[in-house]
Amino acid sequence: MSTTRFRLTGSQQSADDVVTALHSLDDVDRIEEVIDQMNEMRDDSSSSGLVDDSGRGLHCIEVEGPARISETVVDLVEAKAHDLGLVVEFVDRF
9 MSTTRFRLTG SQQSADDVVT ALHSLDDVDR IEEVIDQMNE MRDDSSSSGL VDDSGRGLHC
69 IEVEGPARIS ETVVDLVEAK AHDLGLVVEF VDRF
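Letter 44 of the sequence shown, counting from 1, is numbered 52 in our numbering, and no numbers are missing.
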């Protein structure tokens, strides 16, 4: 089992479109938009020049399935993000 995690920056509708496209893949066991439970504990990063990851439009999504489809998941997400004008970042953990 493999988990692919990524952040999308864009509208809720666009994130939903990416999730819908992921549901079309065979062998995907789970797709979930994860709510960041650490948001309330974070310090203000604006003075540090860091990205605001708690703002509106950031979507953290996990896709779980066999390791053999991980590359397919990444390719699909990158293609949909490009088509929809989204920013995508693949991460090891949120």
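Just so you know, even glycine gets a beta-carbon here, dropped at the ideal spot from N, CA and C.
Since we're looking at a predicted model, the values are computed, not measured.
Check: Residues of its chain near Ala75, where Cβ-Cβ distance is below 7 Å and the 5 sequence neighbours each way are ignored; Outcome: Ser10
Check: Collapsed DSSP secondary structure at Met49 in the structure displayed; Outcome: Bear in mind that a pLDDT of 48 at Met49, under 50, signals an unreliable position, so the model cannot answer this.
Check: Nearest-angstrom Cα separation, counted from Ile43 out to Asp83; Outcome: 24 Å
Check: Residue nearest to Val96 in terms of C-alpha spacing, selected from Gln21, Leu30, Leu66, Gln20; Outcome: Leu66
Check: Beta bridge counterpart(s) of Thr106 as assigned by DSSP; Outcome: The structure shown has nothing for residue 106, since the chain only spans 9 to 102.
Check: Bridge-paired residues (DSSP) for Phe98; Outcome: Phe14
Check: Beta-carbon contacts of Lys88 that lie in its chain and below 6 Å, excluding the five residues immediately before and after; Outcome: Val26, Ala29
Check: Among Ile69, Asp37, His31, Ser32, nearest to Gln20 - alpha-carbon criterion; Outcome: Ile69
Check: Top-ranked residue by Cα proximity to Asp24, from Glu79, Val36, Glu41; Outcome: Glu41
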